[in-house]
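Trainee:
Residue numbers (our numbering): 146 to 299.
1. How many Å lie between residue 184 and residue 287 at the Cα?
2. So does the stretch 164-184 actually touch the stretch 268-281, counting three or more Cβ pairs closer than 8 Å?
3. Jot down the residue ranges of each uninterrupted alpha helix (DSSP H) in the stretch 198-242, minimum 4 residues, whole runs only, in chain order.
4. Is the distance from the Cβ of residue 235 to the Cβ of residue 224 below 8 Å?
5. Put residue 174 into one of helix, strand or coil per three-state DSSP.
6. Using only alpha-carbon positions, find the residue among 165, 273, 186 and 267 that is nearest to residue 229.
7. Tell me the DSSP secondary structure of residue 280 in three-state form.
8. Please check if any C-beta of chain D sits within less than 8 Å of the C-beta of residue 264.
9. Out of 220, 231 and 227, which has the shortest C-alpha to C-alpha gap to residue 271?
10. In terms of residue numbering, what span does the alpha helix (DSSP H) encompassing residue 181 cover?
11. Leaving out five residues before and five after residue 217 in sequence, what residues of the same chain have Cβ atoms less than 8 Å from its Cβ?
12. How many Å lie between residue 274 and residue 265 at the Cα?
13. For residue 159 and residue 262, what's the separation of their Cα atoms in angstroms?
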């Protein structure tokens, strides 16, 4: 049983891996459009500037650990502590935290990713699926977007 008394669902790893890859694919296709809009292109390049510094193994490690930490908090602790509408509440909190970046592209990503992993948390009763999806998506963005935006390889 979960902390909220629910029966946990299955905790597969293939489905969240596929969800992370599909979401990454959606963002890659979206990036092709975003590149054509100067203001949005600038916002993405601003984020990618951070991925262009440092060693790739360290960037991969930090990206993965960050995704895990975000899911432990938002879909772990906060979700478990939210008695009503935890998917909506945790997604809103994740989006609010992302608003602090001032980057509308990151906020948009937080809405989509937060909703998906929130629904996964509800479906599985645990945080394994959200963690896998988040890490797969984040690593795909780290590796693919610099190539699409011509900012070099990470």
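Glycine included, C-beta positions come from ideal geometry on N, C-alpha and C.
Fair warning: this is a prediction, and the values are worked out from it, not measured in the lab.
Mentor: In this structure, then:
1. Using only the alpha carbons, I get a separation of about 20 Å.
2. Judged by Cβ distances under 8 Å, the stretch 164-184 makes contact with the stretch 268-281, as three or more pairs qualify.
3. Qualifying alpha helix (DSSP H) stretches, in chain order: 201-216.
4. In this structure, residue 235 lies near residue 224, with their beta-carbon atoms less than 8 Å apart.
5. In the three-state DSSP reduction, residue 174 falls in the helix class (H, G or I).
6. Looking at the Cα atoms, 267 is the closest of the given residues.
7. Secondary structure at residue 280: helix, using DSSP grouped into helix, strand and coil.
8. Absent from the structure is chain D; it holds one protein chain and no more.
9. Of the candidates 220, 231 and 227, the residue whose Cα lies closest to the Cα of residue 271 is 220.
10. DSSP places residue 181 outside any alpha helix (DSSP H), giving it a letter other than H or E.
11. Exclusion of the five residues before and after residue 217 leaves 272 and 276 as the residues of its chain whose Cβ lies within less than 8 Å of its Cβ.
12. Roughly 6 Å separates the two Cα atoms.
13. Looking at the backbone, the Cα of residue 159 and that of residue 262 are separated by about 14 Å.
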